[in-house]
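Engineer:
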Amino acid sequence: MSLQTLPADPDASSAIPERDLQAQERHEDELIMHLERDQFVAETSRPVPRAPLSARARAGLWALRIFVVIVSLMVIYTFVEQLH
Amino acid sequence: MSTPVISASPLLGQPLLTDEDLARSHDRSRVHHARRHRRRWHLMWLLVGPGILAMLGENDGPSMIAYASDGAQYGLGFFVPFIPILFAMAYVCQEMCMRVGAVTHRGYGELVLQRYGRVWGWFGAGDLTLTNLVTLVAEFVAIRVGLAYFHLGSGVAVALGLALVVFTLSGGRYWRWERIVLGLALFNGLFLVAAILVKPHVGAVVDAFAFTPFPGGSFNTLLLLLASTIGATVTPWMIFFQQSASADKGMTPRDVTHGRYDTAVGAVLAAVFGIGALVAGAALLSHDGSGIQGFAGAGFPEALKHVAGGAAGTVFALGLIEAGAVAILTISASTAYAAGECVGVSHSFNSSPRGAAVFYAANIGVALLAATVILIPGAPLLSIALNANVLATVLLPVSLVLMVMLANDKGLMGQWVNKRSTNVIGIAVIAFVGICGAAYGIDSFLQATHVIGA
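Residue numbers (our numbering), protein chains in the order written: chain X, 1 to 84; chain L, 85 to 538.
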């Protein structure tokens, strides 16, 4: 029987892409086995809960921040002064 | 450590797969394969990257000019031992970033924002954007200085820098981006070649390791030297970059040991190459090195050519081009990570430009903005470049404090929290950086306002 006499079976013609699809899915399944659950984008997109900070820690952070902003402004002022 | 996911069906409540997941899992499958077959060197090859890039990225144009300038003005004495000490400090900070990224799979910006609130997250991102923009301008200046040696102008520097950013982004894969930048970063070794070409007295270099006193000069000059040299070693962008890149690479707690090797190798290479720039610069010490204005023209490469021959000048010029180019890539990437993380959208080299528009736009946009500045006629490029490292030093303590807090957060890190010894060293580093930066800022301000004499 020549190839030309083969019936044009729609199921047969779709079997090859189906196999490809299954192979691809298997490949993807194998690949994702190598990721930890919390590495998935869907997981990392979920925000972590807010950390409880003591009043002292918050005050310390604000003091540091204000100090750094003041010193930065001093450096920027000096930089601008040097330009003149 | 979490259980590996076998099926990714949204119906079963499992995570929905994205292209970013598939790209990362492909990279991870190679790591698993190498680990399973005990291919130690292959595993090392697969896992190195963020640490070396952070450290060699920080050996950027302004930093190498700062080292060469230190050598030209003060010789080797104080700086040969000081540079390795600074990179040891950088290792402590960067190891924390790598560990937090590998354990949490999240970047620094998003963790600070989510864990400590939007105010701190946006403050951090604001600091980063400011210092990155200033530093990027300095990188383009460094490329221009290098190109000026070959009689090429600012336009070529801008075109080269921007073309590299676009080219490295074009693959849509973290692995590709990392390997291209790693390949470029190894040319940082040109500074070591330059040091060899100036034929230094080996005994003098070895003797310099015996810690010599502070170099002479005014108190303000000393503070400027300390602040700019620290800023040449540890900066806010490195913190953002290494944590985010470790997460983007897909590192896990099992990879922390290799992450430490990666960071340590980066620190050693950066210290050696930094000392190379210092030694090359020191060749100008007896030739009025202090009078060289590195950014005013061809500067150091041209001066080296006269003192040590054309080869030394050419290698130094090529080194400056490389240092600027690599830093443009890594600093733009850190800005892009921070932008994506703070806005709360996709922020990965494994995402397509359509899927991570903010990430790609920030990456190219910040480089474009910096490039525009160096094309402005009469822009104070020399001052910008010299102040870039100092500004980074002044803004660094806040980033470091939040980094230490994250690395001590048991809720996030579990058994991977900092050891007591790491905390002691980390706090000492923060205190040292904070005092040097603040002392310079205050002293310079008081001089500028004529409260104290120069």
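All C-beta atoms in this analysis are idealised placements derived from N, C-alpha and C, irrespective of residue type, glycine included. Note that this is a predicted model, so its numbers are computed, not measured.
Roughly how many whole angstroms lie between the Cα atoms of Ser-153 of chain L and Phe-234 of chain L?
Structural biologist: For Ser-153 of chain L and Phe-234 of chain L, the distance between alpha carbons rounds to 21 Å.
Engineer: Check whether the Cβ atoms of Leu-137 of chain L and Glu-223 of chain L lie closer than 8 Å to each other.
Structural biologist: Not in contact: Leu-137 of chain L and Glu-223 of chain L (Cβ atoms no closer than 8 Å).
Engineer: Let me check understanding here. Comparing Cα to Cα, which of L:Val-184, L:Asp-105 and L:Leu-307 lies closest to Gln-499 of chain L?
Structural biologist: With distances taken between Cα atoms, Gln-499 of chain L lies closest to L:Val-184.
Engineer: Looking only at C-alpha atoms, which of L:Gly-403, L:Ala-186 and L:Ala-423 sits nearest to Ala-491 of chain L?
Structural biologist: Checking every option, the nearest Cα to that of Ala-491 of chain L belongs to L:Ala-186.
Engineer: Would the region 278-285 of chain L and the region 394-401 of chain L be scored as touching if the rule is three or more Cβ pairs under 8 Å?
Structural biologist: Short answer: they touch.
Engineer: Name the two residues that bound the continuous alpha helix (DSSP H) containing Phe-443 of chain L.
Structural biologist: Counting along the chain, the alpha helix (DSSP H) containing Phe-443 of chain L begins and ends at 441-459.
Engineer: Using only alpha-carbon positions, find the residue among L:Asp-111, L:Gly-161, L:Met-148 and L:Tyr-524 that is nearest to Gly-287 of chain L.
Structural biologist: It is L:Gly-161 whose Cα lies nearest to the Cα of Gly-287 of chain L.
Engineer: Give a yes or no on whether the minimum CB-CB distance between Glu-18 of chain X and chain L is below 8 Å.
Structural biologist: Chain L contact via Cβ: absent.
Engineer: Can you list, in chain order, the residues of its chain whose CB lies under 7 Å from that of Ala-118 of chain L, leaving out five sequence neighbours each side?
Structural biologist: Cβ within range, chain order: His-126, Leu-127 and Leu-130.
Engineer: For the region 463-472 of chain L and the region 251-261 of chain L, state whether three or more C-beta atom pairs, one from each stretch, are separated by less than 8 Å.
Structural biologist: Counting Cβ pairs under 8 Å, fewer than three are found: no touch.
Engineer: Please confirm whether Val-478 of chain L and Gly-525 of chain L have their CB atoms less than 8 Å apart.
Structural biologist: In contact: Val-478 of chain L and Gly-525 of chain L (Cβ atoms closer than 8 Å).
Engineer: With a threshold of 16 other CB atoms inside 10 Å of the CB of Thr-87 of chain L, please say whether the residue is buried or exposed.
Structural biologist: Any reading at Thr-87 of chain L needs caution, since the residue's pLDDT is 35, under 50, leaving its predicted position unreliable; the model's value is listed next. Under this definition Thr-87 of chain L is an exposed residue.
Engineer: Under 8 Å, do Ile-514 of chain L and Val-485 of chain L count as touching if we go by C-beta distance?
Structural biologist: Yes; because the gap between Cβ atoms is below 8 Å, this pair is in contact.
Engineer: Buried or exposed: Phe-325 of chain L, going by 16 or more other Cβ atoms within 10 Å of its Cβ?
Structural biologist: Classification of Phe-325 of chain L: buried, given that the 10 Å Cβ count is 16 or more.
Engineer: Can you tell me whether Thr-188 of chain L is buried or exposed? The criterion is at least 16 other CB atoms within 10 Å of its CB, across all chains shown.
Structural biologist: By the neighbour-count rule (16 or more Cβ atoms within 10 Å), Thr-188 of chain L is buried.
Engineer: Taking all protein chains shown into account, do 16 or more other C-beta atoms lie within 10 angstroms of the C-beta of Pro-7 of chain X, making it buried, or fewer, making it exposed?
Structural biologist: Note that Pro-7 of chain X has pLDDT 43, beneath the 50 cutoff, so the model's placement of it is unreliable and the number below is only indicative. Exposed: under 16 other Cβ atoms inside 10 Å.
Engineer: Is the Cβ of Ile-526 of chain L closer than 8 Å to any Cβ of chain X?
Structural biologist: By this cut-off, Ile-526 of chain L is an interface position.
Engineer: Give the interface partners of Ser-467 of chain L over in chain X, defined as CB-CB distance under 8 Å, in chain order.
Structural biologist: Phe-79, Gln-82 and Leu-83, listed in chain order.
Engineer: With 16 other CB atoms within 10 Å as the buried threshold, where does Lys-494 of chain L fall?
Structural biologist: Counting Cβ neighbours within 10 Å, Lys-494 of chain L comes out exposed, since fewer than 16 surround it.
Engineer: Roughly how many angstroms lie between the CA atoms of His-121 of chain L and Glu-36 of chain X, to the nearest whole one?
Structural biologist: Near 20 Å, if we compare the C-alpha coordinates of Glu-36 of chain X and His-121 of chain L.
Engineer: Which one of L:Ile-169, L:Val-429 and L:Thr-252 has the shortest CA to CA distance from Ala-294 of chain L?
Structural biologist: Checked all of L:Ile-169, L:Val-429 and L:Thr-252; the closest Cα to Ala-294 of chain L is L:Ile-169.
Engineer: Measuring only between beta-carbons, confirm whether Ile-32 of chain X sits less than 8 Å from chain A.
Structural biologist: Chain labels in this structure do not include chain A; the protein chains are X and L.
Engineer: Got a sec: is the Cβ-Cβ distance from Ile-66 of chain X to anything in chain L below 8 Å?
Structural biologist: Ile-66 of chain X does not count as touching chain L.
Engineer: Hey, how far is the Cα of Val-429 of chain L from the Cα of Tyr-444 of chain L?
Structural biologist: Cα to Cα, Val-429 of chain L sits roughly 11 Å from Tyr-444 of chain L.
Engineer: Can you tell me where the alpha helix (DSSP H) with Ser-330 of chain L in it begins and where it stops?
Structural biologist: Taken as a continuous stretch (DSSP letters only), the alpha helix (DSSP H) holding Ser-330 of chain L covers 320-333.
Engineer: Which residues in the same chain as Leu-458 of chain L place their Cβ atom closer than 8 Å to its Cβ, once the five residues preceding and following it in sequence are excluded?
Structural biologist: For the record, residue 458 of chain L in the displayed sequence is Ile; it is not Leu. Here the set comprises Val-221, Phe-224, Val-225, Arg-228, Ser-238, Ala-241, Val-242 and Leu-465.
Engineer: Which two residues bound the contiguous alpha helix (DSSP H) that contains His-342 of chain L?
Structural biologist: It spans 340-366 - the alpha helix (DSSP H) in which His-342 of chain L sits, taken as one unbroken run.
Engineer: Taking its Cβ as the centre, do 16 or more other Cβ atoms sit within 10 Å of Ala-23 of chain X, making it buried, or is it exposed?
Structural biologist: It is exposed - the Cβ of Ala-23 of chain X has fewer than 16 other Cβ atoms within 10 Å.
Engineer: Counting only beta-carbon atoms, is Ile-536 of chain L nearer than 8 Å to chain X?
Structural biologist: So no, Ile-536 of chain L is outside the interface.
Engineer: By the DSSP assignment, the alpha helix (DSSP H) with Val-286 of chain L in it spans what residues?
Structural biologist: Run containing Val-286 of chain L: 286-291, per the alpha helix (DSSP H) assignment.
Engineer: Can you tell me the Cβ-Cβ gap for Phe-163 of chain L and Leu-362 of chain L, rounded? I've got them flagged as a contact below 8 Å.
Structural biologist: The Cβ separation is near 5 Å, so the contact holds.
Engineer: If we define contact as Cβ-Cβ less than 8 Å, is Ala-51 of chain X a contact residue for chain L?
Structural biologist: For Ala-51 of chain X, the answer is yes, since a Cβ of chain L falls inside 8 Å of its Cβ.
Engineer: Among the candidates L:Ile-511, L:Tyr-421 and L:Ala-354, whose CA atom is the shortest distance from the CA of Asn-143 of chain L?
Structural biologist: Nearest C-alpha to Asn-143 of chain L: L:Ala-354.
Engineer: Tell me whether Tyr-151 of chain L sits in a helix, a strand or coil according to DSSP, three-state version.
Structural biologist: Three-state result, Tyr-151 of chain L: helix.
Engineer: Please state whether DSSP places Ala-380 of chain L in a helix, a strand or coil.
Structural biologist: Any reading at Ala-380 of chain L needs caution, since the residue's pLDDT is 45, under 50, leaving its predicted position unreliable; the model's value is listed next. Here Ala-380 of chain L sits in coil by DSSP.
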